[in-house]
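*Asks:*
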Amino acid sequence: MEAADIAGKCVLVIEDNPLNMRLFTAMLNAQGLTVLQAGDGQTGVDLAYREQPDLIIADINLPGISGLDATQILKEDPATRDIPIIVTSAYEASEDEIRASRCDAFLAKPISVAAFLARIEELISHAPREPRLVRRLIDAHTTSA
Ligand code: MN
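For the sequence shown, the positions run 0 to 144 when numbering that gives the first Met the number 0 is used.
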């Protein structure tokens with residue numbers, strides 16, 4: 000059993016509650032993860048395309064498009080569909096809707112820190128590719144052409 004090496008990976012947090020955003024960010028930074036923050040669904044989708052994070056944590060109830068809609072958009076696009084997404088909510092969420100979004104995991108708030116960190120390690124270490132590296136190579140190629 001080897002420890003997952005997640006330090007240095009990048010997590011995008013889509014969360015409109017400032018206290019939750021601070022808590023998520025502190026927990027993730029404590030694991031050595033870089034955090035990108037988005038306060039609404041559309042900003043989250045845009046950041047996901049642009050930054051190709053290693054993992055996304057999305058709240059469901061957001062201003063504008065919901066976390067489930069944002070997840071569905073990202074999972075339908077080949078450019079972002081391999082990025083693991085954890086959806087969180089403090090409210091009842093319908094199982095059908097959660098499944099339809101194709102998120103990789105759902106965690107009810109208040110989240111258990113241990114379960115949260117275990118899920119993050121599992122999803123990041125099983126991620127099928129190195130999106131940011133690939134993206135950087137493509138960018139370098141494009142700008143030198
Ligand atoms: Mn919310």
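Here a beta-carbon is modelled for each residue, glycine too, at the ideal position from N, C-alpha and C.
1. Can you tell which of D39, T70, L54 and S93 has its C-alpha closest to the C-alpha of E120?
2. With distances taken Cα to Cα, identify the nearest neighbour of L67 among L46, Y48, A92 and K8.
3. Here's a check: name, in chain order, each residue in its chain whose Cβ is nearer than 8 angstroms to the Cβ of A144, leaving out the five neighbours to either side.
4. Can you determine whether any heavy atom of ligand 1 sits closer than 7 angstroms to the C-beta of L106, and answer yes or no?
5. Could you check the C-alpha separation between A47 and L73 for me, to the nearest Å?
6. Classify I87 as helix, strand or coil using the three-state DSSP reduction.
*Replies:* Considering the structure as presented:
1. Residue mapping note: residue 120 aligns to position 121 of the sequence shown, counting from 1. The residue with the shortest Cα to Cα distance from E120 is L54.
2. Indexing the sequence shown from 1 puts residue 67 at position 68. Considering only alpha carbons, the answer is A92.
3. Indexing the sequence shown from 1 puts residue 144 at position 145. In this predicted model, A144 has a pLDDT of only 47, less than 50, meaning its place in the structure is not dependable enough to derive any value.
4. Position 107 of the sequence shown, counted from the first residue, corresponds to residue 106. No.
5. Within the sequence shown, the letter at position 48 stands for residue 47. Within the sequence shown, the letter at position 74 stands for residue 73. Between A47 and L73, the C-alpha separation is close to 8 angstroms.
6. Position 88 of the sequence shown, counting from 1, holds the residue named residue 87. A small fix is needed here, since residue 87 is Thr in this sequence, not Ile. DSSP places T87 in strand when its eight states are reduced to three.
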